[in-house]
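Going left to right, the sequence shown walks through residues 1 to 286 as full-length UniProt numbering numbers them.
Taking it in order: structure first as structure tokens, then the write-up.
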Amino acid sequence: MIIKLENINYVYNPNTPFEKKALDNISLNINEGDFIGLIGHTGSGKSTLVQHLNGLMKPTSGKVIVDGVDINSKDANLKEVRQKVGLVFQYPEHQLFEETVYKDIAFGPKNLGLERDEVHRRVKKAMELVELDFETLKDRSPFELSGGQKRRVAIAGVLAMKPKVLILDEPTAGLDPRGRDEILGRLETLYQEGITIILVSHSMEDIAKLVNRIVVMHRGKIAMEDKTREIFKEAEKLAELGLGIPQITSFMKEYKSKGNQIEDTVLTVEEAKDELINYLRRKGNA
Ligand SMILES: Nc1ncnc2c1ncn2[C@@H]1O[C@H](COP(=O)(O)OP(=O)(O)O)[C@@H](O)[C@H]1O
Ligand SMILES: [Mg+2]
Numbered sequence: 001m002i003i004k005l006e007n008i009n010y011v012y013n014p015n016t017p018f019e020k021k022a023l024d025n026i027s028l029n030i031n032e033g034d035f036i037g038l039i040g041h042t043g044s045g046k047s048t049l050v051q052h053l054n055g056l057m058k059p060t061s062g063k064v065i066v067d068g069v070d071i072n073s074k075d076a077n078l079k080e081v082r083q084k085v086g087l088v089f090q091y092p093e094h095q096l097f098e099e100t101v102y103k104d105i106a107f108g109p110k111n112l113g114l115e116r117d118e119v120h121r122r123v124k125k126a127m128e129l130v131e132l133d134f135e136t137l138k139d140r141s142p143f144e145l146s147g148g149q150k151r152r153v154a155i156a157g158v159l160a161m162k163p164k165v166l167i168l169d170e171p172t173a174g175l176d177p178r179g180r181d182e183i184l185g186r187l188e189t190l191y192q193e194g195i196t197i198i199l200v201s202h203s204m205e206d207i208a209k210l211v212n213r214i215v216v217m218h219r220g221k222i223a224m225e226d227k228t229r230e231i232f233k234e235a236e237k238l239a240e241l242g243l244g245i246p247q248i249t250s251f252m253k254e255y256k257s258k259g260n261q262i263e264d265t266v267l268t269v270e271e272a273k274d275e276l277i278n279y280l281r282r283k284g285n286a
């Protein structure tokens with residue numbers, strides 16, 4: 001296991017009129033090889049939670065353990081933790097600041113004190129991973145790029161640290177469909193490369209397509225936690241929490257309710273297509 005949360009509580013502005021309990025007794029294990037989808041209504045505590053995973057925020061009470069070390073204890077090395085657990089904020093392009101794409105991505109590895117050659121290798125590799133062409137883009141200003149490209153520069157900067165765990169907080173928010181696809185298309189590949197991923201997203205479609213486990217937050221608590229398919233079987237429970245299910249899953253449920261003997265737990269259009277073809281064949285043969 002890489003990250004273990006034990007009874008995390010977090011209160012914003014304690015002992016003031018603005019006091020707000022954002023995390024309420026959260027316990028969660030994140031294992032190597034997980035691809036977790038973190039979902040929940042706006043204000044449910046997702047962003048607050050993910051900032052606890054790399055020590056950016058300290059819990060009011062409870063423990064965050066990364067690779068066996070309590071990261072908020074005196075002997076913890078936060079720099080090392082932030083290298084292991086890479087966090088891509090919402091709108092990460094707001095944090096780009098160097099005059100070239102290369103310098104921006106190199107910033108983190110340089111700060112680790114790595115040699116020039118190693119920094120160079122990492123920048124190149126990180127750009128490959130997010131499909132940014134090294135030769136044509138390395139000397140460009142990040143501010144001249146498209147929204148999707150800027151965001152990929154920001155993600156590359158985190159990847160250049162070679163994190164074991166990559167956390168992305170709403171990585172496609174505010175992008176056009178093409179920008180979204182550019183980012184989402186890369187996540188599957190990154191996962192195949194062996195990185196553990198936590199994806200915070202509003203899009204049930206994206207979550208259904210990509211992740212293998214879902215954690216649902218509600219008012220600072222974990223309301224549900226299970227394999228992706230199991231979670232999307234619970235349409236009513238999700239609706240109570242203000243959340244939907246993928247459109248295609250919803251369509252298949254509806255079609256089944258009309259008396260069609262199909263499996264209605266599909267998660268993607270591809271799965272639905274196979275199921276419908278099989279069903280129509282069975283029906284044709286009957
Ligand atoms: N800086 C802050 N100060 C006070 N309250 C905050 C702050 N950030 C978030 N909150 C509150 O904490 C709760 C959880 O917020 P957040 O973690 O941003 O949720 P989510 O990412 O799921 O939308 C919300 O009620 C939000 O209003
Ligand atoms: Mg948020």
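Ideal placement from N, C-alpha and C gives every residue a C-beta, glycine not left out.
Please read these numbers as outputs of a predicted model, since none were measured by experiment.
For residue 111, the enclosing alpha helix (DSSP H) stretches over residues 101 to 111. In the structure shown, residue 217 falls within a strand segment according to DSSP collapsed to helix, strand and coil. Minimum Cα-Cα distance from residue 11 among the listed residues 276, 19, 238 corresponds to 19.
If you check the CB distance, residue 129 and residue 182 do not come in under 9 Å. A heavy atom of ligand 2 is found nearer than 8 Å to the CB of residue 42. Secondary structure note for residue 266: it is in no beta strand (DSSP E), with a DSSP letter that is neither H nor E.
Three or more Cβ pairs closer than 8 Å define a contact, and the segment 68 to 78 falls short of that threshold against the segment 220 to 240.
Judged by beta-carbon spacing, residue 53 lies beyond the 9 Å limit of residue 23, meaning their Cβ atoms are not closer than that value.
Ligand 1 has a heavy atom closer than 8 Å to the beta-carbon of residue 200.
In the same chain as residue 14, and ignoring 5 residues on each side of it, the C-beta atoms closer than 8 Å to its own belong to 60, in chain order. Distances from the alpha-carbon of residue 48 to those of 34, 9, 83, 82 put 9 closest. Nearest in C-alpha terms to residue 162, of all of 185, 229, 244, 123, is 123. The shortest CA-to-CA distance from residue 45 to any of 264, 277, 217, 69 is the one to 217.
Annotation for residue 208: 246, 267 place their beta carbon closer than 6 Å to its own, counting only its chain and skipping 5 residues before and after. The count of Cβ pairs closer than 8 Å, one atom from the segment 160 to 175 and one from the segment 141 to 151, reaches three, so the stretches are in contact.
DSSP lists 216 as the bridge partner or partners of residue 224. Beta-bridge pairing by DSSP links residue 24 to no other residue. Annotation: the continuous alpha helix (DSSP H) that includes residue 153 extends over 147 to 159.
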